[in-house]
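Student: A single structure is presented below for examination.
Residue numbers (our numbering), protein chains in the order written: chain C, 56 to 484; chain H, 602 to 665.
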């Protein structure tokens, strides 16, 4: 039996398949102190409770990402070296808006951003998303095979978010390069050279986005940046228009939101599409059912997010001493929410390891989080994924795994769960 | 007076509504939302519109 005390979050064994450790934690210590001041929460019940209590479990001060160091990956982060600080001198001012925000300021940002990403608003982008998806499929459909991640699942959200941000086609290659390099810093353990490269890319990208926002202020376009520039909260009789609450978003704030769209919105949808395609190919009966009845696609997407959650974990800090799950958590502790574990907690989901698009409690997963920080881009992610699968399953006939080309290994990242590659075959059009 | 409606069959239990506008919606059993007011007061129409836009499941409507 897996002993929870052997838990090594950054070991190859855990990163390739974390589920036995999640199960051991749930059985032995649902709130588990992995090292002094570092707690992992694996139970569905406790994660739901903590995520809906931002007063006790805050997101500020860089709580979300696990930039841990040391041999076991659990040592507290140290101050950035001078070479990184030098690069950051050219950065657009950092603002805590959504992911790294806490109430009450967070609620104001959330109100302003929700409007540009509401289900109704993103539905207006459907024709553009469908065009992006079909253009990508057109490029490989005559080959009878493709590597799904490079040729499709990565490019769908990247192109859609680029559209939302007003990045022109001519800048897409540069934009993609910045995205790929800057996201590598969230991988957990990276080399000093990777840190320099990732920081350089992030600063260049943020300056590019700031220039885009400034240019768009003259003539806001029909996209998310345009909406964010125009977003404002109406003052009622009690309010004064000069109050902070009614101030429109400034450029560093919009850059912060845009960067989160890009990190949280591109990586996740990429991983969802690729993991879900594999699960469908491993469950041919359900694949046949969905091809036969595409109205099942939204349920299939929810189940895919539950079974292989693209974001496995995000952190919080405890704001006070708290007894939680039978454990004493001192103020200031790092508390890591294992969404990937909660979504496979057998006290919440029957036979949690099974992929089953007919589950009655599909909507109960926490792959988008819960409470104040529930994914702001959820409607866009659901729409993109739906359109992607409608086109993939509708156009690629006799979809199957490419024989002998797949090893089904994952990228070694504690936060993001993603296949390295997925080679598929289908009948030529 | 305008009214809010919540479709509990499409609700995804995100909790955005009772976080954003606790005066209009409160947290009920099983993390599902409950309306806190029968009708939306005139000075909270913009707040109510926030609920419509802020619901990730598109489960909230504002009707006259």
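For every residue, glycine included, the Cβ atom is placed at its ideal position computed from N, Cα and C. As the structure is a computational prediction, the values presented were derived from the model and not from experiment.
1. With 8 angstroms as the threshold, decide whether the Cβ of residue 247(C) is near any Cβ in chain H.
2. Which of the three DSSP states, helix, strand or coil, is assigned to residue 409(C)?
3. Along chain H, in chain order, which residues have C-beta atoms closer than 9 angstroms to that of residue 173(C)?
4. Taking residue 103(C) as the query, report the chain H residues whose CB atoms sit under 8 angstroms from its CB, ordered along the chain.
5. Near residue 436(C), which residues of its chain fall below 6 angstroms by C-beta distance, leaving aside the five closest residues on each side in sequence?
6. Taking any Cβ of chain H, which residues in the segment 149–165 of chain C have a Cβ under 9 angstroms from it, in chain order?
7. May I have a chain-ordered list of the beta strand (DSSP E) segments no shorter than 3 residues that lie completely inside the segment 362–407 of chain C?
8. Residue 621(H) touches chain C at which residues, Cβ-Cβ below 9 angstroms?
9. Considering just the uninterrupted stretch of the alpha helix (DSSP H) at residue 186(C), what are its terminal residues?
10. I'd like the span of the alpha helix (DSSP H) that includes residue 234(C), first residue to last.
11. Mind checking the segment 607–619 of chain H against chain C and listing, in chain order, the residues whose C-beta falls within less than 8 angstroms of any C-beta there?
12. Can residue 92(C) and residue 385(C) be called in contact, C-beta distance under 8 angstroms?
13. Just to confirm before moving on: does the CB-CB distance between residue 288(C) and residue 211(C) stay below 8 angstroms?
14. Excluding five sequence neighbours on each side, which residues of the same chain lie with their C-beta closer than 7 angstroms to the C-beta of residue 173(C)?
15. Go ahead and pull the three-state DSSP assignment for residue 346(C).
16. Return the Cβ separation of residue 253(C) and residue 237(C) in integer angstroms, given the expectation that the two are a contact with Cβ distance under 8 angstroms.
17. Contact between the segment 368–376 of chain C and the segment 96–113 of chain C: three or more CB pairs below 8 angstroms?
18. Residues of the segment 405–423 of chain C in Cβ contact with chain H at a cutoff of 8 angstroms, in chain order, please.
19. What residues match up with residue 662(H) in a beta bridge as DSSP calls it?
20. Find out if the Cβ-Cβ distance for the pair residue 661(H), residue 653(H) is shorter than 8 angstroms.
21. Counting pairs of Cβ atoms below 8 angstroms between the segment 404–416 of chain C and the segment 380–395 of chain C, do you hit three or more?
22. Can you tell me where the beta strand (DSSP E) holding residue 200(C) begins and where it ends?
23. Just how far apart, CA to CA, sit residue 314(C) and residue 430(C)?
24. Mind checking who residue 456(C) pairs with in its DSSP beta bridge?
25. Could you tell me the alpha carbon to alpha carbon distance between residue 349(C) and residue 363(C), rounded to whole angstroms?
26. Report, in whole angstroms, the separation of the C-beta atoms of residue 260(C) and residue 168(C), which I expect to be a contact under 8 angstroms.
27. To the nearest angstrom, how far is the alpha carbon of residue 234(C) from that of residue 262(C)?
28. Are the beta-carbon atoms of residue 620(H) and residue 427(C) separated by less than 8 angstroms?
29. CB residue 319(C) to CB residue 154(C), shorter than 8 angstroms?
30. Buried or exposed: residue 149(C), going by 16 or more other Cβ atoms within 10 Å of its Cβ?
31. Starting from residue 707(H), follow its DSSP beta bridges and name the residues at the other end.
32. Find the residues of chain H that neighbour residue 49(C), judging by a C-beta separation of less than 7 angstroms, and give them in chain order.
33. Quick check on this structure: which residue in 164(C), 82(C), 67(C), 64(C) has the alpha carbon closest to the alpha carbon of residue 300(C)?
Tutor: Let me lay it out:
1. Closer than 8 angstroms: no.
2. Looking at residue 409(C) - three-state DSSP - the assignment turns out to be coil, as it is neither helix nor strand.
3. Correct list: 653, 654, 655, 656, 657, 659.
4. In chain order: 632.
5. For residue 436(C), the CB contacts under 6 angstroms within the same chain, skipping 5 residues up- and downstream, are 324 in chain order.
6. Answer in chain order: 158, 162, 165.
7. For the segment 362–407 of chain C, whole beta strand (DSSP E) runs of length 3 or above, ordered along the chain, are 369–373, 377–379, 382–384, 389–392.
8. Within 9 angstroms Cβ-Cβ: 162, 165, 166, 169, 427.
9. Per DSSP, residue 186(C) is one residue of the alpha helix (DSSP H) stretching across 181–195.
10. First-last of the alpha helix (DSSP H) with residue 234(C): 227–238.
11. Listed in chain order, the positions of the segment 607–619 of chain H with a beta carbon within less than 8 angstroms of a beta carbon of chain C are 612, 613, 614, 615, 616, 617.
12. Closer than 8 angstroms, so yes.
13. Their beta carbons are not under 8 angstroms apart, which means residue 288(C) does not touch residue 211(C) by this criterion.
14. For residue 173(C), where only same-chain residues beyond five positions count, the Cβ hits under 7 angstroms are 434.
15. In the structure shown, residue 346(C) sits in a helix (DSSP, three-state: H, G or I).
16. Between residue 237(C) and residue 253(C) the Cβ distance is about 5 angstroms, and since that is below 8 angstroms, they are a contact.
17. Result yes; three or more Cβ-Cβ pairs closer than 8 angstroms.
18. Within the segment 405–423 of chain C, the residues whose Cβ lies closer than 8 angstroms to some Cβ of chain H are 418, 419, 423, listed in chain order.
19. When beta bridges are read from the DSSP output, residue 662(H) appears opposite 606(H).
20. Yes. Within cutoff.
21. No, the segment 404–416 of chain C does not touch the segment 380–395 of chain C.
22. Counting along the chain, the unbroken beta strand (DSSP E) around residue 200(C) starts and ends at 200–202.
23. Those two C-alpha atoms are separated by around 14 angstroms.
24. DSSP lists 479(C) as partners of residue 456(C).
25. Cα to Cα, residue 349(C) sits roughly 21 angstroms from residue 363(C).
26. For a cut-off of 8 angstroms, the C-beta gap from residue 260(C) to residue 168(C) is around 19 angstroms, too long to register as a contact.
27. Taking the straight line joining both Cα atoms gives about 13 angstroms.
28. Yes, Cβ-Cβ distance for residue 620(H) and residue 427(C) is below 8 angstroms.
29. Cβ distance < 8 angstroms, so residue 319(C) and residue 154(C) count as in contact.
30. Exposed: under 16 other Cβ atoms inside 10 Å.
31. No statement about residue 707(H) is possible, as the shown extent of chain H runs from 602 to 665 and does not include it.
32. Given that chain C is displayed from residue 56 to residue 484, the structure contains no residue 49(C) and the question cannot be resolved.
33. It is 164(C) whose Cα lies nearest to the Cα of residue 300(C).
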